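In the numbering used here, the protein residues as written are 41 to 244.
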């Protein structure tokens with residue numbers, strides 16, 4: 041548990057081989073002595089100690105909403121060789137800083153884009169909540185979220201707008217990114233909506 045890898049950007053935990061394949065890397069190992077006879081085997085389970093996160097952002101209202109950037113925020117800056125999945129909150133703020141990944145600029149005229157990240161484990165827990173629209177109001181500190189920034193046009197005026205989607209097993213009460221799990225999301229911006237009704241919307 042004391043072995044960690046620093047995370048500063050999207051591919052900090054990956055290495056790309058000559059064929060372009062991405063591999064999760066970690067330069068640590070442990071030696072053990074066993075009483076096994078030559079030729080016998082041991083049972084072992086291999087786990088990816090990261091969360092695989094795929095998401096698609098769709099803009100179903102391009103005539104009124106112009107997306108300018110997409111960014112993953114509040115990501116732990118360390119990846120652990122070994123994680124305690126029973127921890128109430130992991131990693132702790134004492135050993136990790138929570139960083140924002142680099143912004144991905146949105147190409148003008150594009151209506152959808154897909155993204156893939158291998159993220160450090162971030163266990164922030166669950167809350168009592170039953171609707172997607174109110175999830176952000178009760179988000180635990182340092183939970184990982186996706187930020188979509190753009191402008192909303194009405195008449196001949198443009199107004200800044202930001203959408204924040206907290207990740208987890210579902211979109212209403214879970215804020216855990218667990219190791220060896222694959223998360224897949226589609227975020228469809230289909231209306232302006234209003235912050236009074238939907239806590240995922242910030243209007244500046």
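No residue lacks a Cβ here, since even glycine has one placed at the ideal position from N, Cα and C. Keep in mind the model is a prediction, meaning the values are calculated, not measured.
Query: Residue 161: first and last residue of the uninterrupted beta strand (DSSP E) it sits in; Result: Taken as a continuous stretch (DSSP letters only), residue 161 belongs to no beta strand (DSSP E), as it is neither H nor E.
Query: Three-state secondary structure assigned by DSSP to residue 240; Result: coil
Query: Residue of 159, 114, 147, 83 minimising C-alpha distance to residue 140; Result: 114
Query: Reference residue 184, options 93, 75, 108, 65, closest by Cα; Result: 93
Query: At least three beta-carbon pairs within less than 8 Å, the segment 97-106 to the segment 189-203; Result: yes
Query: Assumed close pair residue 99, residue 152 - CB separation to whole angstroms, cut-off 8 Å; Result: 7 Å
Query: C-beta atoms of residue 53 and residue 101 nearer than 8 Å; Result: no
Query: Span of the beta strand (DSSP E), counted from its first residue to its last, around residue 136; Result: It is not in any beta strand (DSSP E) - residue 136 carries neither H nor E in the DSSP assignment.
Query: Helix, strand or coil at residue 50 [DSSP, three-state]; Result: coil
Query: For residue 44: DSSP bridge partner residues; Result: 120
Query: Residue 175 versus residue 157 - alpha carbon distance; Result: 23 Å
Query: Buried or exposed by the 16-neighbour rule on C-beta atoms within 10 Å, applied to residue 130; Result: buried
Query: DSSP three-state assignment for residue 62, whether helix, strand or coil; Result: strand
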